[in-house]
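Asks: Chains A and B, in that order, are what the protein sequence lines are.
Just so we're aligned, residue 67 is where the first sequence starts under the working numbering, counting upward by one.
Just so we're aligned, residue 67 is where the second sequence starts under the working numbering, counting upward by one.
The beta-carbon is built from N, C-alpha and C at its ideal position, and this holds for glycine as well.
Starting off with a structure, shown below.
Number of protein chains: 2
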Amino acid sequence: MQLSEAETAAAEAELPSSGPRGRRTMFVVERIRDMIIAGDLPPGGRISERMLTEGLGVTRTPLREAFKILEAEGLVRIVPNRGAEVMTLSLAEIEAAIEVLIGLESVAAELACARGTAAEFAAIEAIHRRMVDCQRGGDLMGYFHLNQDIHQRIVDCAHNAPLSRIYRTESARIRRYRFAGNRSAARWARAVVEHEKILDALQQREGALLREILRTHHLKGWQATRQVLEQE
Amino acid sequence: MQLSEAETAAAEAELPSSGPRGRRTMFVVERIRDMIIAGDLPPGGRISERMLTEGLGVTRTPLREAFKILEAEGLVRIVPNRGAEVMTLSLAEIEAAIEVLIGLESVAAELACARGTAAEFAAIEAIHRRMVDCQRGGDLMGYFHLNQDIHQRIVDCAHNAPLSRIYRTESARIRRYRFAGNRSAARWARAVVEHEKILDALQQREGALLREILRTHHLKGWQATRQVLEQE
DNA sequence: CTTCGCTTAATTGCATGCAAGAATGCTCTC
DNA sequence: GAGAGCATTCTTGCATGCAATTAAGCGAAG
Numbered sequence: 067m068q069l070s071e072a073e074t075a076a077a078e079a080e081l082p083s084s085g086p087r088g089r090r091t092m093f094v095v096e097r098i099r100d101m102i103i104a105g106d107l108p109p110g111g112r113i114s115e116r117m118l119t120e121g122l123g124v125t126r127t128p129l130r131e132a133f134k135i136l137e138a139e140g141l142v143r144i145v146p147n148r149g150a151e152v153m154t155l156s157l158a159e160i161e162a163a164i165e166v167l168i169g170l171e172s173v174a175a176e177l178a179c180a181r182g183t184a185a186e187f188a189a190i191e192a193i194h195r196r197m198v199d200c201q202r203g204g205d206l207m208g209y210f211h212l213n214q215d216i217h218q219r220i221v222d223c224a225h226n227a228p229l230s231r232i233y234r235t236e237s238a239r240i241r242r243y244r245f246a247g248n249r250s251a252a253r254w255a256r257a258v259v260e261h262e263k264i265l266d267a268l269q270q271r272e273g274a275l276l277r278e279i280l281r282t283h284h285l286k287g288w289q290a291t292r293q294v295l296e297q298e
Numbered sequence: 067m068q069l070s071e072a073e074t075a076a077a078e079a080e081l082p083s084s085g086p087r088g089r090r091t092m093f094v095v096e097r098i099r100d101m102i103i104a105g106d107l108p109p110g111g112r113i114s115e116r117m118l119t120e121g122l123g124v125t126r127t128p129l130r131e132a133f134k135i136l137e138a139e140g141l142v143r144i145v146p147n148r149g150a151e152v153m154t155l156s157l158a159e160i161e162a163a164i165e166v167l168i169g170l171e172s173v174a175a176e177l178a179c180a181r182g183t184a185a186e187f188a189a190i191e192a193i194h195r196r197m198v199d200c201q202r203g204g205d206l207m208g209y210f211h212l213n214q215d216i217h218q219r220i221v222d223c224a225h226n227a228p229l230s231r232i233y234r235t236e237s238a239r240i241r242r243y244r245f246a247g248n249r250s251a252a253r254w255a256r257a258v259v260e261h262e263k264i265l266d267a268l269q270q271r272e273g274a275l276l277r278e279i280l281r282t283h284h285l286k287g288w289q290a291t292r293q294v295l296e297q298e
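Set out below in structure tokens:
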């Protein structure tokens, strides 16, 4: 029956590939995580199951399991009998999170200088170059992502899996806020200069120095971010 | 019908209060977490849903949600179509985790000395005294728990919620292994002496010093633990 | 005796049904 | 007109059913 086939095809096209059996929950987790980080789901807004089941083409069971994972990651808050909402962070909470990120990078800095390979450093340098291009071209979005990538890779150079995992998760928790606050051109230019120094220290394997540069880098960035966030 | 009533009462006694609606998943999470940390569930062993639903008096749905949370915490590994198993860590992975804990405590040490209140320090001192009593009485289990509590509280003195949360989670991931390796009487005695110094540095608010003491404390502890673990 | 293949039982992943609780809107009172 | 109380609808939390997958048991061939 041709009609039947056409209908089936249409139905399949409507359901946006909810993923294979056994990984549907993870598929949903990644989707929602991206949506929250990208700001598609507004902070503090309730996430209704109905909306997402229809949008993602999955049923409630994997969706609810995904909520639990996202709650453990700190991206979502589940209120009993009221469902999930996108976690909101106060300025103080963002500051605490950044304090943690600075701490994690401090630890990672010395380990990265001790253990990082030349290939890893070269890869970071390449990304750094692309990031500078983005800054010259005014591509804030591209810059922001490459910037994140560089910091994650520096942590990865420590060759400590849990450290990388924690940094990734905690970084994701506040990414949205940092992006929202990253809009000062002056700060942007200086951040690039600081990144040059970061790269130098890393390649010279000067752990203590790298650590300090990263620390002040983040503190300055936070001051700029905070000023923007305070006006909202 | 008396018999019917008796049967009902027995059935209720058998089902160990699976908790109120809306918090059943969390109830299960805490139970399983405790069971893993305490070693009631053997490392690497599969956790069948049937076994736990019967043991905990809940149905599969909250149980499966609990597995997802525990997987996010790193206590459990879920293999598609094969279910959950207790996460096992290699010596290298335990070492990496301890490296992270040392890093977290390093960060916390300076913050704790800067921000901790006298009341918090006094509470830690009180626990320390009870811990010393446990050591004198040979109560290894009691000692171990109070020891954990002290380290967590030092981190809590940093007054940084995510830092405390991360430390708690990461600490739980390897607690079982640390307990298994904590069996040398000589090491035990020296650990108490180190804890005296830790308390001193904290109360004198000497952050840099506290940091170094904690670092060597953990490194020595890990050396002792590793030796025991290597023989298994 | 081992091992390969098949059949069957057990287990998981997901969908769906049902009931409890919350949100909404209505009416009635003041 | 505002607000309290109640009924209705909607949403969530959990239980259960069904299908896919894996593991277990078993017989036959090498």
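Does the Cβ of N226 (chain B) have 16 or more other Cβ atoms within 10 Å, making it buried, or fewer, making it exposed?
Replies: buried
Asks: If you follow the beta strand (DSSP E) that R143 (chain A) is part of, which residue opens it and which one closes it?
Replies: V142 to V145
Asks: Thinking just about the alpha-carbon of each residue, which of B:G123, B:R112, B:E161 and B:I193 is nearest to the one in V145 (chain B)?
Replies: B:R112
Asks: Using a Cβ-Cβ distance cut-off of 8 Å, determine whether V166 (chain B) contacts chain A.
Replies: Closer than 8 Å to some Cβ of chain A, the Cβ of V166 (chain B) qualifies, so yes.
Asks: Apart from the five residues on each side of it in sequence, which residues of its chain come closer than 7 Å, Cβ to Cβ, to G85 (chain A)?
Replies: Excluding sequence neighbours, G85 (chain A) sits near F93.
Asks: Evaluate contact between the segment 168-180 of chain A and the segment 198-210 of chain A, counting only Cβ atoms and requiring at least three cross-stretch pairs below 8 Å.
Replies: no
Asks: Spell out a yes or no on whether the segment 266-274 of chain A and the segment 287-298 of chain A are touching, meaning 3 or more CB-CB pairs, one atom from each, closer than 8 Å.
Replies: no
Asks: Excluding the 5 residues preceding and the 5 following N213 (chain B) in the sequence, name in chain order all residues of the same chain whose CB lies nearer than 7 Å to its CB.
Replies: Contacts found: M197.
Asks: Below 8 Å on the Cβ atoms is my guess for N147 (chain B) versus G88 (chain A); work out the distance and round it to an integer in Å.
Replies: Sure, about 5 Å apart at Cβ, within 8 Å.
Asks: Quick check: the Cα distance between L141 (chain B) and V152 (chain B), rounded to an integer number of angstroms?
Replies: 6 Å
Asks: Would you list, in chain order, the members of the segment 180-193 of chain B that have their beta-carbon closer than 7 Å to a beta-carbon of chain A?
Replies: none
Asks: In chain order, what residues of the same chain have a beta carbon less than 7 Å from the beta carbon of T235 (chain A), not counting five sequence neighbours either side?
Replies: E139
Asks: Which residues mark the beginning and the end of the alpha helix (DSSP H) in which E180 (chain B) is found?
Replies: What sits at residue 180 (chain B) in the sequence shown is Ala, not Glu. First-last of the alpha helix (DSSP H) with A180 (chain B): L157 to R181.
Asks: Any idea which residues DSSP pairs I113 (chain B) with across the strands?
Replies: Under DSSP, the beta-bridge partners assigned to I113 (chain B) are B:A150.
Asks: For V95 (chain A), count the other beta carbons within 10 Å of its own beta carbon; 16 or more makes it buried, fewer makes it exposed. Which is it?
Replies: buried
Asks: Less than 8 Å separating the beta-carbons of R181 (chain A) and A224 (chain A)?
Replies: yes
Asks: Which chain A residues are close to N237 (chain B), counting only those with a beta carbon under 9 Å from its beta carbon?
Replies: In the sequence as displayed, the identity of residue 237 (chain B) is Ser instead of Asn. Near S237 (chain B) there are no residues of chain A at all, since even the closest Cβ is about 11 Å away, more than 9 Å.
Asks: Determine the direct distance from the alpha carbon of A178 (chain B) to that of E120 (chain B), and round the result to whole angstroms.
Replies: When rounded, the distance between both Cα atoms is 44 Å.
Asks: Give the straight-line distance between the Cα atoms of A192 (chain B) and I279 (chain B), rounded to the nearest whole angstrom.
Replies: Their backbone Cα atoms lie some 20 Å apart in a straight line.
Asks: For chain B, check one thing: does any of its Cβ atoms lie closer than 8 Å to the Cβ of E51 (chain A)?
Replies: Since the displayed chain A opens at 67 and closes at 298, residue 51 (chain A) lies outside it and no answer follows.
Asks: Does any heavy atom of the ligand MN sit closer than 7 Å to the C-beta of A150 (chain B)?
Replies: Among the components of this structure there are no ligands whatsoever, and the ligand MN is therefore not found.
Asks: Taking the alpha-carbon positions, what's the D222 (chain B) to H284 (chain A) distance?
Replies: Straight-line Cα distance between these residues: approximately 23 Å.
Asks: So for E267 (chain B), helix, strand or coil by DSSP?
Replies: Correcting the residue type first, residue 267 (chain B) is Ala in the shown sequence and not Glu. In the structure shown, A267 (chain B) sits in a helix (DSSP, three-state: H, G or I).
Asks: Quick one, are the C-beta atoms of F187 (chain B) and L129 (chain B) less than 8 Å apart?
Replies: The criterion of a C-beta distance shorter than 8 Å is not satisfied by F187 (chain B) and L129 (chain B).
Asks: What residue ranges within the segment 195-222 of chain A form continuous alpha helix (DSSP H) runs of no fewer than 4 residues, ordered along the chain?
Replies: 206-222
Asks: Following the continuous alpha helix (DSSP H) through V124 (chain A), name the residue where it begins and the one where it ends.
Replies: Per DSSP, V124 (chain A) belongs to no alpha helix (DSSP H) and is neither H nor E.
Asks: Closer than 7 Å, Cβ to any Cβ of chain B: which residues of the segment 263-296 of chain A, in chain order?
Replies: none
Asks: What three-state label does DSSP hand S84 (chain B) in the structure shown?
Replies: coil
Asks: Name the chain B residues whose beta carbon is nearer than 8 Å to that of T91 (chain A)?
Replies: K134
Asks: If L265 (chain B) sits next to I160 (chain B), beta carbons under 8 Å apart, how far is it from one beta carbon to the other, in whole angstroms?
Replies: Actually they are not in contact, since the Cβ atoms of L265 (chain B) and I160 (chain B) sit about 27 Å apart, beyond 8 Å.
Asks: With 8 Å set as the bound, which would you pick, yes or no: does the beta-carbon of E96 (chain B) sit closer than that to a beta-carbon of chain A?
Replies: no
Asks: Please identify, using Cβ separations under 7 Å, the residues of the segment 212-229 of chain B that lie next to chain A, in order along the chain.
Replies: In summary, the residues of the segment 212-229 of chain B whose CB is separated from some CB of chain A by less than 7 Å are N226, A227, P228 and L229, in the order they occur in the chain.
Asks: Beta carbon of A150 (chain B), beta carbon of T91 (chain B): below 8 Å?
Replies: Remark: C-beta atoms of A150 (chain B) and T91 (chain B) do not approach each other more closely than 8 Å.
Asks: Could you have a look at S237 (chain A) and say whether DSSP puts it in helix, strand or coil?
Replies: Residue state for S237 (chain A) is assigned as helix, using DSSP reduced to three classes.
Asks: Please go through the same chain and pick out, in chain order, the residues whose beta-carbon is closer than 7 Å to the beta-carbon of R244 (chain B), but skip the five residues on each side of it.
Replies: T291
Asks: So, using beta-carbon positions, are V166 (chain B) and L229 (chain A) closer together than 8 Å?
Replies: yes
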